[in-house]
Amino acid sequence: MINTDKNHKHTYDAQGKMTCCTQEEKIYTKAGAKELVKGHHKNDGHNHDHSDDDGHDHSHSESSPIQLFLPSIISLVLLLVAIAFDNWLPQQWFTGWIRIIWYVVAYAPVGLPVLKEAIESIRKGEIFSEFFLMGIATIGAFAIGEYPEGVAVMLFYAVGEVFQTMAVSRAKSNIKSLLDQRPDEVTVLKNNEPQTVKAETVTIGEIIQLKPGEKLGLDGELLSETASFNTSALTGESKPDTKNKGETVLAGMINLNTVSQVKVTTAYTDSKLSKILELVQNATTQKAPTELFIRKFAKIYTPIVVLLAIAICLLPYFFVENYEFRDWLYRALVFLVISCPCALVISIPLGYFGGIGAASKNGILFKGSNFLDALSDIQNVVMDKTGTMTEGVFKVQEVNFNPEFDKAEILELVNILESHSTHPVATAIHEYVGKPNNEIRLENTEEIAGHGLKSTVNGKDLLVGNFKLMDKFGISYDLEPNSIVYTTIAVAYDSKFVGYITIADSIKEDAQETITLLHKLNVKATMLSGDKSTVVKYVAEQLGIDNAFGDLLPEDKVNRVKEIKAKGESVAFVGDGVNDAPVVALSDVGIAMGGLGSDATIETADVVIQDDKPSKIPMAINIGKQTKKIVWQNIGLAFGVKAIVLVLGAGGLATMWEAVFADVGVALLAILNAVRIQRMKF
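Residue numbers (numbering that gives the first Met the number 0): 0 to 681.
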C-alpha cells in the first residue's frame, strides 16, 4: 500500500477537495524539492533540511549557477588578494587588525550561512552536524592565526555545497518533469462553447476539448472516432499510440493530430498520473538498508570524532614533552574537518535517488530505494504468462462442439456467462460471438477460482472453464486435454459435455530478449500460470524459460514460490499485481506489468512497469545493480580516504589542505560518481 505521512493529517472540504496542501506540495516536500513548486516562498537563501524522514538535503531555490557560485567567487577573490599581499606583493598596511578584518570579510560570504545552519541544527537538538564541525574547525583556525586556511576550508566546503545542490536538482528534475505533464488548465465544452477552467475544478462527466499538441489534464473516455497520442510521459514509449472511440485516455497524454473530445471519468486527484506522482513521492521515503545504516552510523560517528578531536588536543599534555597547545589544537581541527561525514550522507541518498530517476525516465517506477537494493540481488524472476510474456490478446481459433448441440445457441450462452468475467478469454469470446444477448437469464452465477464459471440457464447447469471444472462436477469427456496445444475452454450443459473452444495468444516481441538478458544477469526465469500445461510449456520452450508450470491455482503458485524460497533464493514475481496478490506478498519484490491499466496494481506492487514490455524487467534489475555498485563505490572511497587522512592528521602529518581534500574533495568525487547513473544507457 502507498505510505502516508503519519505526522500530517490532510483536511478536506465538503466536496472532498484537499484544503491543507496541494498534490505538488506533498510530493515536493516529501522529495526534499519543495522549492521547485511554482509560487514558492521568496526565500532565496541557503536551505538545509535535516530530519529523520527526509535525511540530509542540500537545496537552493531555483537560481542560475552564477548566483549560486557568487558568494564563493567573492570569497575566492578576497582570499587570493590576501594571499598575494601575504606572500608575493607585501603591503605595509596589510598587517594587524586590517589583515584580520580582510580575512573575516573573505570568510563571511561562505562562512556565515554555515554558522547560521549550525545554530539552527543545535536548536533542533542536532548538535553534531557537519555545519558544527566546519564552524568550530574554521573558527579554531582563526583563533590560532591560520586565517588563509580557515577561509580556504570554508570556501571549498561552500563550493562543494553548490555542486551538491546542482547534482540534487538534476536528480529531482524527473519529479518536476512529471508534474509538468499535468496541465493546470483545460478546455471544457459547456453548452457547446469552449471554456478554459482549472483542471482541478472539472467534474466527472464533463467534456474536454483537446487541440493538437495539448496535454490531457484528466483521465477519460475518448468520444472522437480516433486520435493519436504521445504517451511518453507515462510509459517512456515514444511511439504514438492510436486510440479509438470508447477507449481510455490518461492525464499526461499529448494529442497529436486532430481536435478530440474526451469525457472525464476520473477526478483530478484520482488520475493515473496523480497516482504515479504519489508513487514517486513515497519512493523518497522508503530507504534502502545501506542508506538507513549510513544515517544511523553518521549520528554515532560524528560525536565520537568530536570527542577524539578533544582528546587529540588535550591528552598529549600528559604524555608529550614540550607540549604546545597551538600545535595540538591545529591537529584536532584538521581531524574535525576530515571527519565531516558529508560525502557519505549526501552521495548515498543521491545515488539511490538518481537510480529511481533513471528508472522513471525509462518507464519503470520504484516505490523506494529499498526495492532497488532488493532487485539488484534477485536470483529468480517468477512470471505469469498471460499479459506478461504474451500479449494477453486472445483470439478464438476453433469451436469444436458435439453435433447434438446447437452451436449458435451454446455460443450465446457461453458469451453471456463470460460477460461476468474480466479475463482476456472473455474478451476473445465476445469478439468472436458478438454482443451478449441480455435477454438470456442467468441464475446462481459463480466464479470458481482456478476453474471457471458456473451458472443456471433455463433450469439447467452451464459450466464454462478448464477441464478441471469438468472433473470437479463429474462431467465425462472422450478426449485427452493435453493433446490440445492451445488454451482450451471446455463447455458443459445440462450435465453433458458439449465440447471445447480453443483460444490462442501471441508472444510479445521482446519476450525472447527478456529471457536472454535475464540469463546474462545470472537470473533464473520461471513461468507459473493457471493456463493449461501444454500451452505454458510451449511458450516456455519458445522463449528458453528455465522452468514452467501450468494448470495452477492461486495457492499452487504460492507453493511453487515457497519451494524456491526454501532453497534460500530471492524471488521477484511479475504479474498483474491483483489476481496474484498472495504471490506478490510472498515474493521479495512484486513487479506489476502495465501498471497504468489498474489502480490496484499501483497500490499492490513494489515496482511498476508502465508499459507492457517484459524487457523492462532485466532493465530494472540492471538499474538496481548499477545503483548499488555506485553506492558502495562511494562508501569505499569516503571511508578509505578519510581513514588514511585521519591517521595522518592525528599524527600531525596532514594540514588543513589535505583535510579539505578528504572532506570536500571526496564529497565532490562521490557526487560526480553518483550522478553517473542518470547518464547511463540501459
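We treat Cβ as the ideally placed atom computed from N, Cα and C, and that holds for glycine.
Predicted model only: the values in this text are computed from it and were never measured.
- No Cβ-Cβ contact shorter than 8 Å links Thr533 with Ile488.
- The Cβ neighbour count for Leu647, taken over all protein chains shown within 10 Å, is at least 16; the residue is labelled buried.
- Here Glu554 carries a helix assignment [DSSP, helix/strand/coil].
- Between Ser569 and Gln378, the C-beta spacing is below 8 Å.
- When rounded, the separation of the alpha-carbon atoms in Asp470 and Val490 is 12 Å.
- Val304 is bridged by DSSP to nothing; it lacks a bridge partner.
- Annotated three-state conformation of Gln609 is coil, per DSSP.
- Here DSSP, grouped into helix, strand and coil, assigns Phe127 to coil.
- About 7 Å separates the Cβ atoms of Gly204 and Lys262, confirming a contact at the 8 Å cut-off.
- With a 10 Å radius around the Cβ and a threshold of 16 neighbouring Cβ atoms, Leu552 comes out exposed.
- Per DSSP, reduced to three states, the secondary structure at Thr515 is helical.
- Within the same chain, and ignoring the five residues on either side of Val150 in sequence, the residues whose Cβ sits closer than 6 Å to its Cβ are Leu78, Tyr102, Ala105, Tyr106.
- A direct Cα-to-Cα measurement between Gly589 and Ile143 gives close to 59 Å.
- The region 360-374 makes no contact with the region 155-164, as fewer than three CB pairs between them are under 8 Å.
- Bridge pairing for Asn254: Phe228 [DSSP].
- With fewer than 16 other Cβ atoms inside 10 Å of its own Cβ, Thr200 counts as exposed.
- In the DSSP annotation of this structure, the continuous segment of the beta strand (DSSP E) that includes Pro193 starts and ends at 192-197.
- DSSP, reduced to helix, strand and coil, places Tyr156 within a helical segment of the structure shown.
- Where Asn86 is concerned, the enclosing alpha helix (DSSP H) starts and stops at 64-86.
- Annotation for Lys189: no alpha helix (DSSP H) segment contains it, though the beta strand (DSSP E) segment containing it runs 184-189.
- Closest by C-alpha distance to Phe131, out of Thr301, Val76, Asn191, Thr186, is Thr301.
- No residue range can be given for Glu246, since it is assigned to no beta strand (DSSP E) and is classified by DSSP as neither H nor E.
- For Tyr316, the enclosing alpha helix (DSSP H) starts and ends at 315-318.
- For the region 463-549, the continuous alpha helix (DSSP H) assignments of 4+ residues that do not extend past its boundaries occur at 466-471, 510-519, 532-542, in sequence order.
- Around the beta carbon of Gly651, fewer than 16 other beta carbons sit within 10 angstroms, so the residue counts as exposed.
- Comparing alpha-carbon positions, the option among Ala619, Glu397, Leu441 lying closest to Leu516 turns out to be Ala619.
- Annotation for Ala658: the continuous alpha helix (DSSP H) segment containing it runs 655-659.
- Where Asn399 is concerned, the enclosing beta strand (DSSP E) starts and stops at 394-400.
- At the C-beta level, Ala357 and Tyr267 stay beyond 8 Å of one another.
- Between the region 490-500 and the region 463-480 there are three or more inter-stretch CB-CB distances shorter than 8 Å, so the stretches are counted as touching.
- If you compare the alpha carbons of His419, Asp269, Ala637, Phe572 with that of Ser346, the shortest gap goes to Ala637.
- Proximity to Glu554 across Gly529, Lys566, Ala571 peaks at Gly529, based on C-alpha coordinates.
- A Cβ-Cβ separation of about 5 Å places Val640 in contact with Val665 under the 8 Å criterion.
- In this model, Leu314 and Leu328 are separated by some 11 Å (Cα to Cα).
- Beta-bridge partners of Gly451 (DSSP): Ile447, Gly464.
- Within the DSSP secondary-structure output, Lys262 pairs in a beta bridge with Ile206, Glu220.
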